[in-house]
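Contents: one structure, followed by commentary.
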Amino acid sequence: MIADAHIHLFRNGYTGFAGASPLAGQTDVDAYERLMASSGVDRALVVCYEEEIAPGNNGFVRELAASRPWISSVAHLSNSASPSASRAAELLAAGHSGISLHLPDAAAVERVEAWPAALWGRLDHARAIVSLNARPGAIARLQPLVERTPNCAFLFAHLGLPGRVDGILSPHQAAERLAPLLKLAHLANVAVKLSGLYAVDPAPPHRTAAPLVDVLLERFPASRLHWGSDFSPVLEFAGLDQTLAVPGVAGLSAANRRLILGDALAARLAAVRPDH
2 MIADAHIHLF
12 RNGYTGFAGA
22 SPLAGQTDVD
32 AYERLMASSG
42 VDRALVVCYE
52 EEIAPGNNGF
62 VRELAASRPW
72 ISSVAHLSNS
82 ASPSASRAAE
92 LLAAGHSGIS
102 LHLPDAAAVE
112 RVEAWPAALW
122 GRLDHARAIV
132 SLNARPGAIA
142 RLQPLVERTP
152 NCAFLFAHLG
162 LPGRVDGILS
172 PHQAAERLAP
182 LLKLAHLANV
192 AVKLSGLYAV
202 DPAPPHRTAA
212 PLVDVLLERF
222 PASRLHWGSD
232 FSPVLEFAGL
242 DQTLAVPGVA
252 GLSAANRRLI
262 LGDALAARLA
272 AVRPDH
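Counting the sequence shown from 1 gives a position; the numbering used here is that position plus 1.
Here it is, written out as structure tokens:
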């Protein structure tokens, strides 16, 4: 099985491409299904996003999922909102496997930590997935929340957003770049998405991202590392097949490759209990 841990599906397509959309008039879902057929991807976790480019994306993705069993999803919640426990229950009842948060800084973490304990309790009881686009300054503040919700699976997208790297880092430099994330590696409910390598090095095979991936492969078990493509934004820089060629993964055991490329994500999704 190959399972993609990070894609986006927008009703009107992604609007952030520097030039013309590489989808050439296809809808996001049609384009991704064609790529699935050619690359062997079986299922995907759709990371919903409801800010300026895609209001209503949470509902739109569940509409798609009604006829596409390959879709699992996490619902977007704004870090500036004040959602209730009933809102979390509604999202789980709609079919989402958890939530997605964008946390650019420590202030965003403080706002999310102030959400009602009942909301986090509802997510924890459901063994929900919490997908995080969090920068290092935010990651450094997240340990108390992660520890308070041990049944939630916190999936840090895009290597923990370490930023652009122009040269080849030494192992020590790579570990320093990832330090806030590595400090969470001992927590069993923390995982990392091997996605968004183009944000570190835009040109495949993303050579300057390799030392960062090496550190993650060393510090996290394969069961807590998940390949993700970041469709469709990634298409400005790399094809879906190229994203599957994560540096260092080819040299792992067959069992660990299977975990990273989908088995571990499938197990996480199977563990979610939305009705509990």
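The beta-carbon is built from N, C-alpha and C at its ideal position, and this holds for glycine as well.
Between T150 and L124, the CB-CB gap stays under 8 Å. Under the three-state reduction of DSSP, I169 is assigned to coil, being neither helix nor strand.
The C-alpha of N134 is placed about 6 Å away from the C-alpha of L102. For a cut-off of 8 Å, the C-beta gap from H227 to L156 is around 7 Å, short enough to register as a contact.
Separation of A256 and P222 (C-alpha to C-alpha, rounded to the nearest whole angstrom) is 12 Å. One thing to note: Y33 has its Cβ no nearer than 8 Å to the Cβ of L65. Going by beta carbons, R35 and W71 fall outside the 8 Å limit. Setting aside the 5 residues that flank it on each side, F18 is surrounded in the same chain by E237, each with a C-beta closer than 7 Å to its C-beta; the list follows chain order. Secondary structure of L10 (DSSP, three-state): coil. The beta carbon of G41 sits closer than 7 Å to the beta carbons of I3 from its chain, once the five residues preceding and following it are set aside; these are given in chain order. Burial check for H187: the Cβ neighbour count within 10 Å stays below 16, so the residue is exposed. In the pairwise beta carbon analysis, the segment 49-60 is classified as not touching the segment 81-89: fewer than three pairs are separated by under 8 Å. Note that the C-beta distance between S83 and W116 is below 8 Å.
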